[in-house]
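Here UniProt numbering is used: the first residue of the sequence shown is 1, the next is one more, and so on.
Here a beta-carbon is modelled for each residue, glycine too, at the ideal position from N, C-alpha and C.
Remarks on the structure that follows.
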Amino acid sequence: MLKASNISHNYNGDIALQNINLEIKKGEFICLIGESGSGKTTLLSILSTLLKPKEGTLFYEEEQYSNIKNINKFRKENIGFVFQFHHLINYLTLLENVQLANDLANTKKIDEIFTLLDIQKIKSKYPTQVSGGQRQRAAIARALINEPKIIFADEPTGNLDSKNAQKVFKLFKNLSKKETTIIVATHNKDLAKMADKIYEVKDGQIK
Numbered sequence: 001m002l003k004a005s006n007i008s009h010n011y012n013g014d015i016a017l018q019n020i021n022l023e024i025k026k027g028e029f030i031c032l033i034g035e036s037g038s039g040k041t042t043l044l045s046i047l048s049t050l051l052k053p054k055e056g057t058l059f060y061e062e063e064q065y066s067n068i069k070n071i072n073k074f075r076k077e078n079i080g081f082v083f084q085f086h087h088l089i090n091y092l093t094l095l096e097n098v099q100l101a102n103d104l105a106n107t108k109k110i111d112e113i114f115t116l117l118d119i120q121k122i123k124s125k126y127p128t129q130v131s132g133g134q135r136q137r138a139a140i141a142r143a144l145i146n147e148p149k150i151i152f153a154d155e156p157t158g159n160l161d162s163k164n165a166q167k168v169f170k171l172f173k174n175l176s177k178k179e180t181t182i183i184v185a186t187h188n189k190d191l192a193k194m195a196d197k198i199y200e201v202k203d204g205q206i207k
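This is the structure:
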């Protein structure tokens with residue numbers, strides 16, 4: 001589904017990634033682990049089209065990323081993003097935050113996602129009225145509303161306690177069983193064990 005071929009990247013001459021080769025299949029749950037500065041976030045950003053590599057080629061279902069004419073449309077139709085900081089809008093309810101990501105989503109579809117994430121009963125509350133774990137699950141609901149084929153998550157449990165972090169990773173595991181491809185960058189090696197495959201990024205290379 002996703003292939004990175006000889007990917008290299010640098011920031012003002014400082015090497016971030018060196019000759020990365022990676023193939024990810026549909027429905028796989030992948031974790032990229034590594035210390036801060038290892039290159040895992042740079043790799044995740046490149047795989048998710050948020051950053052263009054200095055060298056190398058990326059393929060999505062055998063099509064080169066560079067041949068995709070409307071990258072914003074491509075992202076909206078194929079990719080969901082979850083970040084360490086949920087980026088919810090505090091003056092909107094959890095439901096309104098998700099609706100903002102897709103004005104055409106019907107109520108039944110949203111209710112199904114909220115029920116899946118166990119936040120249906122609090123959908124009318126504002127982000128400041130719920131826990132950190134519930135806010136992060138609302139952010140995941142926002143990522144799911146467009147039914148993406150791939151979800152990229154950058155340290156999605158960095159601000160959560162261990163219980164809520166486990167819930168988020170179990171959710172990712174269940175989504176992968178439904179053929180959604182999940183790619184997560186994390187420093188938490190224990191949580192990463194729930195993935196199908198773990199790639200350690202160290203000094204800009206996959207070990």
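What did DSSP end up calling Leu144 once you bin it into helix, strand or coil? Helix.
So which of Asn97, Gly158, Ser131, Met194 has the shortest CA-CA distance to Lys173? Relative to Lys173, the option among Asn97, Gly158, Ser131, Met194 whose CA is nearest is Met194.
Skipping 5 residues on each side, what residues in its chain have a beta carbon closer than 8 Å to that of Lys149? For Lys149, the CB contacts under 8 Å within the same chain, skipping 5 residues up- and downstream, are Met1, Lys26, Asn78, Ile79, Thr180, Thr181 in chain order.
Is DSSP giving Asn70 helix, strand or coil here? The three-state reading of DSSP puts Asn70 in coil, since its state is none of H, G, I, E or B.
When the Cα atoms are used, what is the spatial distance from Ile20 to Cys31? Distance from the CA atom of Ile20 to the CA atom of Cys31, rounded to whole angstroms, is 15 Å.
Within the stretch 1-33, note down every full beta strand (DSSP E) run reaching 3 residues or more, in order along the chain. Inside the stretch 1-33, DSSP marks whole beta strand (DSSP E) runs of 3 or more residues at positions 2-11, 14-24, 29-33, from first to last along the chain.
Does the structure place the stretch 34-47 close enough to the stretch 67-75 that three or more beta carbon pairs sit under 8 Å? No, the stretch 67-75 does not touch the stretch 34-47.
Tell me, to the nearest whole angstrom, how far the beta carbon of Ile113 is from that of Ala141; I am working on the premise that it is less than 8 Å. Contact flag correct, Cβ pair sits at about 5 Å.
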